[in-house]
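Worksheet: one structure, shown below.
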Amino acid sequence: MHYDVTLDGKTRSVEIERVGEDYVRVVIDDGEPVVVERRALSGGMSLVIDGKSFDAGLVKREAGWDVSILGVQHPVEVLDPRKKALRLAGGAGEGKLKSSMPGRVVSILVEDGAVVEKGQAVIIIEAMKMENEVKAPVSGTVSGIQVTPGQAVDAGAPLLTITAESE
Amino acid sequence: MHYDVTLDGKTRSVEIERVGEDYVRVVIDDGEPVVVERRALSGGMSLVIDGKSFDAGLVKREAGWDVSILGVQHPVEVLDPRKKALRLAGGAGEGKLKSSMPGRVVSILVEDGAVVEKGQAVIIIEAMKMENEVKAPVSGTVSGIQVTPGQAVDAGAPLLTITAESE
Amino acid sequence: MNLRPFKRVLVANRGEIAVRIIRACAEEGLETVAVYSDVDRDARHVRMATYAVHIGAAPAAESYLVSERILQVARDTGADAVHPGYGFLSENAGFAQAVIDAGMVWIGAPPESIIGMGSKTGSRQRMTAAGVPVVPGTVEALHDEAEVLRVATEIGFPVMLKASAGGGGKGMRKVDNADGLVSAFRSARGEAKASFGDDAVYMEKFVVNPRHVEIQVLADGHGNIVHLFERDCSIQRRNQKVIEECPCPVLPEETRQAMASVAVKATGAVNYVGAGTVEFLLGGDGSFYFLEMNTRLQVEHPITEAITGVDLARAQLRVAAGEPLWFKQSDLKINGHAIECRVYAEDPEANFAPAPGLIQDYREPGGPFVRVDSGVSAGSEVPIYYDPMIAKLVVWGRTRQECIERTDRALREYRITGIKTSLGFFRKVLRDERFLAGEYTTGFITPEFLEDLEEVRSDEVACIAAAIAQLDHDLKPARAASSGSGGSNWKRAATWRSTHRMR
Amino acid sequence: MNLRPFKRVLVANRGEIAVRIIRACAEEGLETVAVYSDVDRDARHVRMATYAVHIGAAPAAESYLVSERILQVARDTGADAVHPGYGFLSENAGFAQAVIDAGMVWIGAPPESIIGMGSKTGSRQRMTAAGVPVVPGTVEALHDEAEVLRVATEIGFPVMLKASAGGGGKGMRKVDNADGLVSAFRSARGEAKASFGDDAVYMEKFVVNPRHVEIQVLADGHGNIVHLFERDCSIQRRNQKVIEECPCPVLPEETRQAMASVAVKATGAVNYVGAGTVEFLLGGDGSFYFLEMNTRLQVEHPITEAITGVDLARAQLRVAAGEPLWFKQSDLKINGHAIECRVYAEDPEANFAPAPGLIQDYREPGGPFVRVDSGVSAGSEVPIYYDPMIAKLVVWGRTRQECIERTDRALREYRITGIKTSLGFFRKVLRDERFLAGEYTTGFITPEFLEDLEEVRSDEVACIAAAIAQLDHDLKPARAASSGSGGSNWKRAATWRSTHRMR
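Residue numbers (my numbering), protein chains in the order written: chain A, 635 to 801; chain B, 635 to 801; chain C, 9 to 511; chain D, 9 to 511.
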């Protein structure tokens with residue numbers, strides 16, 4: 635199986651196959667193959683990679699897995715060829731901005747058609763008594779605003795769309 | 635529903651019905667009915683009985699439930715009418731003695747037809763480097779010895795049968 | 009033990025502090041009554057208490073803050089004492105008084121003390137009168153430019169102009185010397201007028217590179233007041249503490265003594281009873297100024313417990329029962345070093361945005377001198393309605409170095425999945441040179457510091473784990489019957505590989 | 009820290025002690041290599057270590073005791089030190105020597121010290137020569153009745169006759185006075201001959217109402233030896249400790265000093281390096297006698313850590329690295345009180361029969377001054393092959409009373425389901441009057457004591473919970489759609505009931 639695995643903006647190409655009940659063969663970015671022993675355990679898995687032991691917590695997300703190692707979380711995106719094709723067909727530059735937390739929309743700082751910079755605050759959502767800025771993940775043009783001030787939103791609720799500038 | 639609930643040799647007659655998603659009405663031994671709020675949680679349940687809060691760990695056993703409360707385990711036997719009828723039909727006085735632990739049979743101290751007293755050691759099983767006596771749970775006559783010295787046994791493996799003296 | 013004037017304590021709180029108080033009560037042989045809102049029925053404090061009663065809807069204003077409802081529950085359940093924890097009703101003098109009027113014991117500061125320390129202006133005046141140093145400056149509005157110049161010269165530059173009606177930085181100006189003072193006064197006034205409809209502006213000395221240092225005090229009703237040394241709470245985000253330690257790594261012994269004796273004086277000035285905290289700003293020049301007194305048990309009390317051995321929650325119960333303190337100031341010594349990390353359900357990389365949600369897996373660290381106070385377990389839902397703090401990791405060491413090493417070890421063992429938390433952020437702080445040197449101020453956490461946690465991440469392993477998880481997920485039905493040669497042969501081969509290819 | 013002569017430690021053990029050592033190494037900045045048998049692949053020590061290597065089949069004789077295999081793994085993984093924990097190879101002088109010969113650091117007692125303390129007869133002679141008090145008596149076989157009478161008169165009644173080749177109580181006779189001595193000698197000899205084919209019998213003073221008290225020592229390779237006070241380990245079953253506490257509740261200060269100085273003398277007599285324990289019998293009359301020296305870290309070391317603040321596992325690492333002790337005897341003080349409960353997978357009501365199996369739910373207690381060292385988690389299988397100890401609960405308090413109250417609180421929070429454990433038994437011990445008074449001996453646990461745990465059980469609640477669980481199980485598909493009136497109405501009604509019918 636082949637996956638594109640992305641963490642912190644860096645995508646790795648991973649070729650992976652099972653080679654025994656507890657063993658998996660992994661090739662990253664055309665490097666040397668590594669045999670990984672993995673044991674699925676409650677809440678995660680234990681891995682022995684080239685003799686080194688790792689205990690990983692795992693939670694399935696829509697686009698991949700949250701991996702916890704040594705107290706630190708790693709939100710890893712995993713794309714298989716089919717999903718990758720779909721995404722490419724859907725236009726790589728368009729991104730739906732979603733609420734990362736349940737809360738209440740306090741104000742919307744942009745209008746339809748506005749051009750925003752990456753990192754610019756576009757919406758303010760209140761949760762747990764605090765106002766939190768939702769920032770544009772890419773530079774581009776705002777469209778399809780789906781919320782209004784005062785509205786309650788769940789985590790993952792779509793807020794608006796930002797179409798990236800063509801490069 | 636009606637259950638016979640036995641703990642530490644004492645049997646309680648329990649009449650029980652659901653009266654709402656989180657509520658159960660319980661009558662013990664024809665006493666005053668009590669409404670219990672219970673919430674199933676991972677590994678057990680939280681109960682509020684007449685305002686009092688209890689956190690119970692629960693493990694299903696063949697004959698009932700192991701209930702853990704405040705660090706203490708309660709092996710509770712629960713019989714419904716059907717099981718009770720079966721048991722009565724099967725002869726109340728006959729008991730299959732089972733191994734309470736995985737281990738190795740060291741020696742068998744009785745023969746077929748032997749008359750044993752309650753509490754008398756009948757078989758010795760070694761587990762975790764220690765020899766452990768398996769004792770007769772009732773006074774009666776031994777039959778159907780199913781193991782031999784040196785044999786490995788799992789927890790719950792039948793060892794022999796003791797038919798209680800008729801009263 | 010059972011000669012106590014109370015035997016059943018209603019705990020008017022939730023989360024880890026409710027659990028903390030229930031533990032203290034259990035050890036003292038006291039029964040407890042937990043209260044809970046709609047979303048807290050399955051919470052740990054409910055399961056651990058002797059009694060549990062539902063008090064209302066999820067928003068605190070409809071449950072944990074409804075003093076009448078809580079009082080009614082106390083009456084109905086036969087509770088004869090109320091412990092408010094921190095937050096919620098803990099510094100509400102009216103509630104304290106109502107508990108007392110209902111004939112129950114209030115396990116907190118006397119209502120008069122709460123009132124005496126309640127308003128910034130009032131407590132400042134009271135403390136000044138008691139000879140406690142406050143940040144130099146005015147309390148009343150400045151009338152004109154001449155007065156501004158006079159006061160600034162008196163207290164010394166740099167100074168801070170603040171809008172009396174203010175907040176959120178509006179109408180606030182830092183002034184470094186006399187040159188810019190008058191224009192800053194004018195513009196601050198203008199902004200204050202525009203923002204709040206009130207142009208009143210006052211002036212305080214600007215404390216350069218301040219640390220937040222506080223003194224724990226404990227007073228019985230018999231005239232005995234002791235202090236339990238200081239806590240340094242300078243590592244803050246959004247003006248909220250995230251890591252605390254004691255003792256303060258840079259406090260000279262004479263300053264500690266001076267600060268502690270001022271704290272005891274402040275405590276006596278408001279006829280305090282119980283556990284309380286006197287907060288100070290400590291300037292880079294060693295000067296310190298009274299900030300405020302928290303008339304309740306503090307979130308970070310466990311680090312003081314760790315270095316003194318005094319169980320402050322149990323001490324609250326005993327003092328509230330009228331017992332005199334069972335130790336003297338001279339019995340108390342600083343033993344070693346302690347650090348607390350407040351574990352929040354939040355995303356440090358997104359400027360600490362709250363991250364409520366369902367905790368999937370939850371495993372606390374253990375072993376020597378590691379303590380966790382928490383209100384959650386695997387399967388807990390962190391609600392959006394309350395403070396996002398879910399646990400506190402408290403670690404003790406014989407030395408600060410040992411304590412830091414142990415805290416990092418504990419953080420590496422800690423597993424919380426399903427929600428984002430501050431665990432990784434703590435690991436980064438513990439590697440920071442300023443933190444290791446003890447040389448930090450309240451400005452420690454900068455936007456740059458937060459940019460990312462790469463140095464404590466395990467990116468490649470995480471990618472491998474995610475790819476394997478995805479593979480197992482995609483091939484789920486085929487889990488047992490796998491491709492390639494037999495499992496046992498591969499096992500041997502791979503063990504061999506592992507052994508021989510190890511770096 | 010990294011000037012150490014080693015940086016990667018192979019931990020030749022499993023379970024909680026392997027976890028303990030891995031934690032100490034992590035705090036010292038050292039990497040670790042875990043080894044595991046077939047049944048331990050998913051164990052906690054494997055998941056926590058830096059490296060993990062399979063070493064063989066489940067029986068210890070085919071894995072954890074195979075010194076050659078373990079040495080090979082150490083070489084293959086580049087380990088430069090080996091920590092043996094306790095049990096297994098920890099007191100195997102041959103293994104220690106092999107580790108040293110392989111050019112690695114042995115984190116344990118020097119092979120000569122292990123040998124010096126290894127045999128009962130040898131260590132007894134060596135200790136006598138060093139002036140350490142041993143149980144009075146002979147070591148060689150008694151020749152005739154005249155000698156028997158002479159020796160008995162010398163050491164004083166009561167005395168114990170023991171078969172030299174003996175064990176299991178065969179050929180053993182307690183004699184209270186001269187009247188029965190000769191006949192007891194004859195029958196002991198006869199039984200010894202019959203049982204072991206050897207009629208050699210020797211005599212020891214019978215210590216009346218003994219307690220088991222031991223002194224923790226720590227020695228560097230530079231001539232510094234300190235003691236870290238005593239532990240009382242008298243609460244035993246099957247001659248195995250189950251609850252330990254320190255300080256000993258009945259030890260007078262002068263006896264403590266005398267015992268400690270004897271322990272330091274014994275330690276010096278065998279050129280000891282590292283952490284060790286000198287065990288004594290303490291008689292009801294205040295006399296004490298050397299029993300043996302355990303040349304390794306002891307199971308119950310955490311209670312000493314709790315009252316001294318010294319991390320003994322880290323101390324072992326430092327001393328093994330050649331560092332001199334970084335504190336003096338006079339720096340050590342007894343701070344408060346500590347109790348350890350050894351949590352076994354066993355059934356106290358069935359004479360502590362081992363109860364291996366699958367742990368379903370596992371939740372450790374937390375909060376102030378509570379420590380758990382464990383090697384398991386939810387979903388762990390406790391194997392039948394090894395010692396059934398799965399965890400140690402270690403609790404500290406300012407006083408013994410506070411410590412006992414807190415230990416009981418912690419036990420009530422502890423949840424282990426799926427297997428039987430000693431948790432309920434501990435709760436009963438903590439309520440026992442002899443224990444509360446501190447007045448107990450090694451004979452504390454009697455068959456009657458074990459009969460049942462009714463006083464700490466919650467029978468009625470357990471029956472209700474079981475009945476409800478059975479109901480939910482039987483009606484499983486109907487869980488949501490329930491009979492009777494709507495949920496919310498019932499909720500209100502029941503809350504009202506709860507409130508008004510509370511006792």
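From the three backbone atoms N, C-alpha and C, an ideal C-beta is built for every residue, glycine too.
Considering only DSSP beta bridges, list what residue i is partnered with.
i: Tyr637/A; result: Val648/A
i: Val701/A; result: Leu692/A and His708/A
i: Gln224/D; result: Thr285/D
i: Glu39/D; result: Arg16/D
i: Val403/D; result: Ile347/D and Val378/D
i: Ala296/D; result: The residue asked about is misnamed: residue 296/D is Phe in this sequence, not Ala. Looking at the DSSP assignment, Phe296/D forms a beta bridge with Leu290/D.
i: Gln244/C; result: Lys249/C
i: Cys254/C; result: Ala346/C
i: Gly753/A; result: Answer is none; Gly753/A lacks a bridge partner.
Starting from the beta carbon of residue i, find every residue of chain B whose beta carbon is closer than 7 Å, and list them in chain order.
i: Thr425/C; result: Going along chain B, no residue has its Cβ under 7 Å from Thr425/C, so there is no contact; the nearest lies around 14 Å.
Apart from the five residues just before and just after residue i, which ones in its own chain have a Cβ nearer than 7 Å to its Cβ?
i: Lys732/B; result: Gly790, Ala791, Pro792 and Leu793
i: Ile122/D; result: Glu99, Ala101, Ala104 and Thr303
i: Val140/C; result: Val270, Lys273, Ala274 and Phe298
i: Ala117/D; result: Tyr280, Val281, Gly282, Gly284, Thr303 and Arg304
i: Arg673/A; result: Asp656, Met679 and Ser680
i: Met112/D; result: Ala82, Ala87, Asp88, Ala89 and Val90
i: Thr146/D; result: Val159, Tyr210 and Met211
At a cut-off of 7 Å, would you count residue i as near the ligand MG, judging by its Cβ distance to the nearest heavy atom?
i: Gly145/D; result: Among the ligands in the structure shown, none appear at all, so the ligand MG cannot be discussed.
Below 8 Å CB to CB, which residues in the same chain sit around residue i once its five sequence neighbours on both sides are set aside?
i: Val74/C; result: Ile63 and Gly64
i: Val27/D; result: Arg52, His53, Met56, Asp381, Ser382 and Gly383
i: Arg442/C; result: Tyr448 and Phe452
Could you name the residues of chain D that residue i contacts, counting a contact when the two beta carbons are closer than 8 Å?
i: Ser674/B; result: Going by the sequence as given, residue 674/B is Ala instead of Ser. Residues of chain D passing the Cβ test: Asp480.
Ordered along the chain, which non-local residues of its own chain (more than five positions away) have a Cβ less than 6 Å from that of residue i?
i: Arg487/C; result: Here the model assigns Arg487/C a pLDDT of 44, short of 50, so the residue's position is not dependable, and the following value carries that caveat. Once the five neighbours on either side are set aside, Arg487/C has no close Cβ partner at all.
i: Thr640/A; result: Glu711
i: Glu389/C; result: Leu366
List the residues of chain C that residue i touches, going by C-beta distances under 7 Å, in chain order.
i: Lys717/B; result: Near Lys717/B there are no residues of chain C at all, since even the closest Cβ is about 31 Å away, more than 7 Å.
Note down, in chain order, every chain C residue with its Cβ under 8 Å from the Cβ of residue i.
i: Pro783/A; result: Neighbours of Pro783/A on chain C: none; closest Cβ ~18 Å, over 8 Å.
i: Arg413/D; result: For the sequence presented, residue 413/D should be read as Glu rather than Arg. Neighbours of Glu413/D on chain C, chain order: Glu35, Glu36 and Gly37.
Can you list the residues of chain A that residue i reaches, using a CB-CB cut of under 7 Å?
i: Val464/C; result: Val706
Anything in chain C within Cβ reach of residue i, meaning under 9 Å, just list it in chain order.
i: Glu313/D; result: Pro376 and Phe377
Discussion item. Can you confirm whether the region 278-285 of chain C touches the region 294-306 of chain C when touching is taken to mean that 3 or more C-beta pairs between the two stretches lie within less than 8 Å?
Written reply: Yes: the two stretches touch, three or more of their Cβ pairs being nearer than 8 Å.
Practice prompt. Please determine if the region 317-337 of chain C and the region 353-364 of chain C are in contact, where contact requires at least 3 C-beta pairs separated by less than 8 Å.
Written response: Taking 8 Å as the limit for Cβ pairs, the verdict is that the region 353-364 of chain C does not touch the region 317-337 of chain C.
Discussion item. Counting only Cβ-Cβ distances shorter than 7 Å, please list the residues of the region 283-311 of chain C near chain D, keeping chain order.
Written reply: Contact annotation: in the region 283-311 of chain C, residues whose CB is within less than 7 Å of a CB in chain D are Pro310.
Worksheet item: What residues in the region 390-403 of chain C bring their beta carbon closer than 8 Å to a beta carbon of chain A?
Response: Listed in chain order, the positions of the region 390-403 of chain C with a beta carbon within less than 8 Å of a beta carbon of chain A are Ile392, Tyr393, Tyr394, Asp395 and Pro396.
Discussion item. Across the region 372-380 of chain D and the region 413-423 of chain D, are there enough close Cβ pairs to call them in contact, namely three or more that are closer than 8 Å?
Written reply: The answer is yes - the region 413-423 of chain D touches the region 372-380 of chain D, with three or more Cβ pairs under 8 Å.
Fill in: Residues within the region 54-76 of chain C neighbouring chain D, beta-carbon criterion of under 9 Å
Taking a C-beta cut-off of 9 Å against chain D, the contacting residues of the region 54-76 of chain C are Met56, Tyr59, Ala60, Val61 and His62, listed in chain order.
Worksheet item: Between the region 667-684 of chain A and the region 474-481 of chain C, are three or more C-beta pairs nearer than 8 Å?
Response: Between the region 667-684 of chain A and the region 474-481 of chain C, the count of C-beta pairs closer than 8 Å reaches three or more; the two stretches touch.
Item to complete: Taking a Cβ distance cut-off of 9 Å, strictly less, list which residues of the region 14-45 of chain C are near chain D, in chain order.
Response: Cβ contacts with chain D come from Val27, Arg28, Arg31, Ala32, Ala34, Glu35, Glu36 and Gly37.
Worksheet item: Which of the residues in the region 151-180 of chain C, read from start to end, lie with their CB under 7 Å from any CB of chain D?
Response: Within the region 151-180 of chain C, no residue qualifies.
Item to complete: Note down, in chain order, all residues in the region 212-244 of chain D with a beta-carbon under 9 Å from any beta-carbon belonging to chain B.
Response: For the region 212-244 of chain D, no residue has a beta-carbon sitting nearer than 9 Å to a beta-carbon of chain B.
Item to complete: Give a yes or no on contact between the region 229-248 of chain C and the region 314-323 of chain C, applying the rule of three or more CB pairs nearer than 8 Å.
Response: Below 8 Å, enough C-beta pairs join the region 229-248 of chain C and the region 314-323 of chain C to call them touching: three or more.
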